[in-house]
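Participant: Chains as they are written, first to last, in the numbering used here: chain A, 1 to 326; chain B, 1 to 290.
There's a structure below that I have some questions on.
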């Protein structure tokens, strides 16, 4: 029973995502799946460790380009490409993490943004011979169909992305519940006390940095496999804030926030930009409104209400059960 | 090696670019110094200043008038935003103001798109004359920009050091609570600083407009640069902002002479290098309250 208690929220959340797949078109479902995996790293950094990262696209690009290089120049197997993307993300974040996590939160945000800009120009201009600059790398036809789950077909790709998403969320839920998760929160709220308790907050932050950015690189590799092409556009400075916006929209630090945020963000982008044609205006003021209203986001506001509703429901049933028993 | 003429042109272009950068970043720096908020919406006033300069110079035919109108609009917009939004978040931490002001920036870009459309528009240069410096022809307009930036720097220096309000602001940068204890209304100082910052950002936009095209995303494009300058100089230091903006201007200008893609990348590499050597920036103080 306790086993189910741990899993039920995950199962419920992903049952709802599956519902999204039933009612909404496939590209949308794929997009939100990848986008929410992309965002959960940022959510973890911001909500658990207190690092606001405007440079998440940098790691997305690392994953995407690592996979793209493999597909374009070396091999054809989508699974290998994904693994290479993830490995590249881990290596890059291990290499730069020790420098970055020493910085204070506001400097961290900007240095990360700078990294995103550097990678953007690296891919667009400096390495243009390999990356084909703004034209991007196209390799959709290079991908070979795989047995069991054929990632080259969008509908089977969704099943794969769904499973990966489930695994990622289970992992982050495990992290949140573990002592390490508590340490991360401690590093966010009170550094000194954490050090006083004998934890090395440099290591805690480094690990969080690597975990979050590896997840982001995974999302990047998934983009590469799903879209079949990669261009510097994914790391352009104008899109640097997307994951932060989605994190805030969904609710900072709440586990399922990125899912809700990704659905809301992608949905609003599709629907509202068609109806009103002025997408920035809405998202900008929504962001300000959410921040002023208490920083909780969509899920953060709904969660207590849901819990209260469930508790009331359970209470009523208990009362009814008692009455029935009498 | 590089041709000598090219090098001289590069250096002077770098100085004029640095002047624009200085005006762009000074608002951010002032806001951070006094209020400990990261006010990304300064980049919105920058674009608004550029667009107002564009519209006025189109109807009246005088860019300078457009720049002044833009400064007024930028200041008023800054005051409005401060009254409505920032007043509520002064006591929150820095990341909070960063995200909120980013929301204002994006929303403002939406408003600009609504009024002026998506198409980039050229702004005529008000002074087309060229002047010879050490045998190299150079546009006078850029020299005027350099002069304006330097006079703004000395104006701010005089304001902060010689007037009583400026002294109060400087004291506020050191310790807000003591200033409050002396019976000075700190929140009025905040408003004054914000109006000043907004007007200066709009000035930067108006002066930059003839050198580039105005388009709705222009604020987002320079965002990374403005930030980098403030960070290299040290958050909150005006002298540091001046030094680092000229440094970045040179790096961009000379870098583009050596190898074109360097212009965009080199400044960021410089920033990471400086931050690794001195995590608080060139002139930043290690002591930061809150």
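All C-beta atoms in this analysis are idealised placements derived from N, C-alpha and C, irrespective of residue type, glycine included.
All values reported here derive from a predicted model rather than from experimental measurement.
1) Where does residue 138/B fall in DSSP's three states?
2) Whole angstroms is fine: what's the gap from residue 123/B's alpha carbon to residue 121/A's?
3) Can you give me the Cβ contacts of residue 6/B inside the same chain, cut-off strictly under 7 Å, excluding the 5 residues immediately before and after it?
4) Only counting the same chain, and skipping five residues up and downstream in sequence, which positions put a Cβ closer than 6 Å to that of residue 18/B?
5) Name the DSSP beta bridge partners of residue 132/B, please?
6) Would you kindly check if the distance between the Cβ of residue 53/B and the Cβ of residue 197/B is under 7 Å?
7) Report the neighbours of residue 109/A on chain B: residues whose CB is nearer than 8 Å to its CB, in chain order.
8) Among 283/B, 41/B, 61/B, 73/B, which has the Cα closest to the Cα of residue 285/A?
9) Could you please tell me which residues of the segment 38-61 of chain B, in chain order, have their CB closer than 9 Å to any CB of chain A?
10) Check residue 139/A in the structure and name its three-state DSSP category.
11) Would DSSP call residue 51/A helix, strand or coil?
12) Where does residue 92/B sit, in a helix, a strand or coil, going by DSSP?
13) Quick check on residue 312/A: does DSSP put it in helix, strand or coil?
14) Anything in chain B within Cβ reach of residue 129/A, meaning under 7 Å, just list it in chain order.
15) Could you tell me which residues DSSP pairs with residue 230/A in its beta bridges?
16) Identify the continuous alpha helix (DSSP H) that holds residue 33/A and give its terminal residues.
17) Any C-beta of chain A sitting closer than 7 Å to the C-beta of residue 114/B?
18) Can you give me, in chain order, the residues of the segment 262-287 of chain A that have a beta carbon less than 8 Å from any beta carbon in chain B?
19) How would you write the range of the alpha helix (DSSP H) that residue 38/B sits in, first residue to last?
20) So what does DSSP say about residue 121/B, is it helix, strand or coil?
21) Nearest-angstrom Cα distance between residue 93/A and residue 58/A?
22) At a threshold of 6 Å, does residue 31/A count as lining the ligand FMN (C-beta to nearest heavy atom)?
23) Just the Cα atoms here: how many angstroms apart are residue 22/A and residue 157/A?
24) Shortest alpha-carbon distance to residue 111/B belongs to which of 312/A, 307/A, 278/A?
25) Would you kindly check if the distance between the Cβ of residue 16/B and the Cβ of residue 219/B is under 7 Å?
26) Hey, out of 101/A, 281/A, 149/A, 97/A, whose CA is closest to residue 79/A's CA?
27) Assess, as a yes-or-no matter, whether the segment 135-144 of chain A is touched by the segment 58-71 of chain A under the definition of 3 or more beta carbon pairs within less than 8 Å.
28) Within 7 Å (strictly less), CB to CB, does residue 37/A reach chain B?
29) Rounded to a whole number of angstroms, what is the C-alpha to C-alpha distance between residue 166/A and residue 255/A?
30) So for residue 214/B, helix, strand or coil by DSSP?
31) I need the DSSP call for residue 201/A, collapsed to helix, strand or coil.
32) Would you kindly check if the distance between the Cβ of residue 32/A and the Cβ of residue 263/A is under 7 Å?
33) For chain B, find out if any of its Cβ atoms is closer than 7 Å to the Cβ of residue 105/A; answer yes or no.
34) Is there a C-beta anywhere in chain B that falls below 7 Å from the one on residue 121/A?
35) Report the residue from 282/B, 280/B, 267/B, 277/B whose alpha carbon sits nearest the alpha carbon of residue 113/A.
36) Using 7 Å as the threshold, is the C-beta distance between residue 199/B and residue 74/B below it?
Facilitator: In brief:
1) strand
2) 27 Å
3) 257
4) 245, 246, 249
5) In the DSSP assignment, residue 132/B is bridged to 137/B.
6) At the C-beta level, residue 197/B and residue 53/B stay beyond 7 Å of one another.
7) 95, 98
8) 41/B
9) 38
10) coil
11) coil
12) coil
13) Reduced to three states, the DSSP call for residue 312/A is helix.
14) Within chain B, no residue comes near residue 129/A; the closest Cβ sits about 12 Å away, beyond 7 Å.
15) The partner list for residue 230/A (beta bridge, DSSP) reads 137/A.
16) 26-44
17) yes
18) 278, 279, 280, 281, 282, 283, 284, 285, 286, 287
19) Neither: residue 38/B is in no alpha helix (DSSP H) and is coded neither H nor E.
20) strand
21) 10 Å
22) The ligand FMN is absent from the structure shown, which contains no ligand whatsoever.
23) 15 Å
24) Residue 278/A is the option with its Cα nearest to residue 111/B.
25) no
26) Among 101/A, 281/A, 149/A, 97/A, the Cα nearest to that of residue 79/A is on 149/A.
27) yes
28) no
29) 12 Å
30) Strand.
31) helix
32) yes
33) Yes, because at least one Cβ of chain B sits closer than 7 Å to the Cβ of residue 105/A.
34) yes
35) 267/B
36) yes
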